[in-house]
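K.L.:
Take this structure first; my questions come after.
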Amino acid sequence: MRLVVICIGRLKQGPERELAERYRERFEDIGRKLGFRGLDIHEIAESRARDTAARIAEEAAAIAALLPEKHMLVALDERGKSIDSASFARQLGRWRDEGAAHTVFVIGGADGLSPELQRKASLRIAFGSATWPHQMVRVMLLEQIYRAATILAGHPYHRA
Numbered sequence: 000m001r002l003v004v005i006c007i008g009r010l011k012q013g014p015e016r017e018l019a020e021r022y023r024e025r026f027e028d029i030g031r032k033l034g035f036r037g038l039d040i041h042e043i044a045e046s047r048a049r050d051t052a053a054r055i056a057e058e059a060a061a062i063a064a065l066l067p068e069k070h071m072l073v074a075l076d077e078r079g080k081s082i083d084s085a086s087f088a089r090q091l092g093r094w095r096d097e098g099a100a101h102t103v104f105v106i107g108g109a110d111g112l113s114p115e116l117q118r119k120a121s122l123r124i125a126f127g128s129a130t131w132p133h134q135m136v137r138v139m140l141l142e143q144i145y146r147a148a149t150i151l152a153g154h155p156y157h158r159a
């Protein structure tokens with residue numbers, strides 16, 4: 000299974016990009032041994048439309064254009080389910096074992112994800128009830144993906 004992260008907004012050079020890249024590389028190293036075929040990150044520029052509905056629609060169309068044919072969709076949403084790291088790892092492992100070709104994680108822009116994308120999501124997750132900048136959400140998501148791989152591998156990184 001290949002993992003794909005689609006993000007509205009771009010990470011500028013600096014500590015967030017470096018940390019995101021570090022977790023992506025760590026996942027690549029351990030993920031191959033677990034049957035994951037890689038982790039792709041796609042950045043989409045934020046819509047410049049004047050009204051919220053138009054921005055959400057433009058961003059949703061750009062996201063939809065990047066979705067692979069066969070995929071499980073995970074929406075990062077502040078109103079999503081808060082799941083622990085072990086449950087997250089089990090879900091990724093389950094999708095991998097069931098033969099899912101891709102798991103796609105979508106991080107929306109400042110106005111959130113379209114209702115259509117939220118409905119299509121197999122899982123909607125939140126990193127707590129606080130609202131986080133999408134740059135931080137990306138780093139936290141990549142860390143959780145790496146952590147999930149270490150849990151699946153029995154690696155001591157996750158101490159629970």
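Sequential numbering of the sequence shown, starting at 0, is according to numbering that gives the first Met the number 0. Glycine included, each C-beta is placed from N, C-alpha and C at the ideal position.
Which residues does DSSP list as the beta-bridge partners of R1?
P.N.:
Here the question's residue 1 lines up with position 2 in the sequence shown. Note: R1 sits in a beta bridge opposite H101.
K.L.:
Got a sec, what are the start and stop residues for the beta strand (DSSP E) E42 sits in?
P.N.:
Counting from 1 along the sequence shown, the entry for residue 42 is found at position 43. Note, E42: beta strand (DSSP E), L38 to I43.
K.L.:
Figure out for me which residue from D50, R31, R49 and E58 has the closest Cα to the Cα of I43.
P.N.:
Locating residue 43 in the sequence shown gives position 44, where the first residue counts as 1. The option with the nearest alpha carbon to I43 is E58.
K.L.:
How would you write the range of the alpha helix (DSSP H) that L18 sits in, first residue to last?
P.N.:
Translated into the one-based positions of the sequence shown, residue 18 becomes position 19. Looking at the DSSP string, the run of the alpha helix (DSSP H) that includes L18 is P14 to G30.
K.L.:
Within this structure, are the beta carbons of G98 and L151 separated by less than 8 Å?
P.N.:
Locating residue 98 in the sequence shown gives position 99, counting from the first residue. Locating residue 151 in the sequence shown gives position 152, counting from the first residue. No, Cβ-Cβ distance for G98 and L151 is not below 8 Å.
K.L.:
Does L112 come out as helix, strand or coil in the three-state DSSP assignment?
P.N.:
Within the sequence shown, residue 112 is the residue found at index 113, counting from 1. Correct three-state label for L112: coil.
K.L.:
Taking all protein chains shown into account, decide if L116 is buried (16 or more other Cβ within 10 angstroms of its Cβ) or exposed.
P.N.:
To locate residue 116, count along the sequence shown from 1; it is residue 117. Looking at its Cβ environment, which holds 16 or more other Cβ atoms inside 10 Å, L116 is buried.
K.L.:
Could you check if D76 is buried or exposed, using at least 16 other CB atoms within 10 Å of its CB as the buried criterion?
P.N.:
To locate residue 76, count along the sequence shown from 1; it is residue 77. Its Cβ being crowded by 16 or more others within 10 Å, D76 is buried.
K.L.:
Below 7 Å CB to CB, which residues in the same chain sit around K119 once its five sequence neighbours on both sides are set aside?
P.N.:
Within the sequence shown, the letter at position 120 stands for residue 119. If we look at K119 and ignore the five residues flanking it on each side, its Cβ neighbours are L72.
K.L.:
Quick one: is S81 buried, meaning 16 or more other Cβ sit within 10 Å of its Cβ, or exposed?
P.N.:
Counting from 1 along the sequence shown, the entry for residue 81 is found at position 82. That one is exposed.
K.L.:
Under 8 Å, with one C-beta from each stretch per pair, do the stretch 0-9 and the stretch 101-110 reach the 3-pair mark?
P.N.:
As far as the Cβ criterion goes, the stretch 0-9 touches the stretch 101-110, which means the pair count is three or higher.
K.L.:
What does the alpha-carbon distance come out to for the pair G160 and E142?
P.N.:
The displayed coordinates of the chain run from 0 to 159. Any statement about residue 160 would go beyond what the structure contains.
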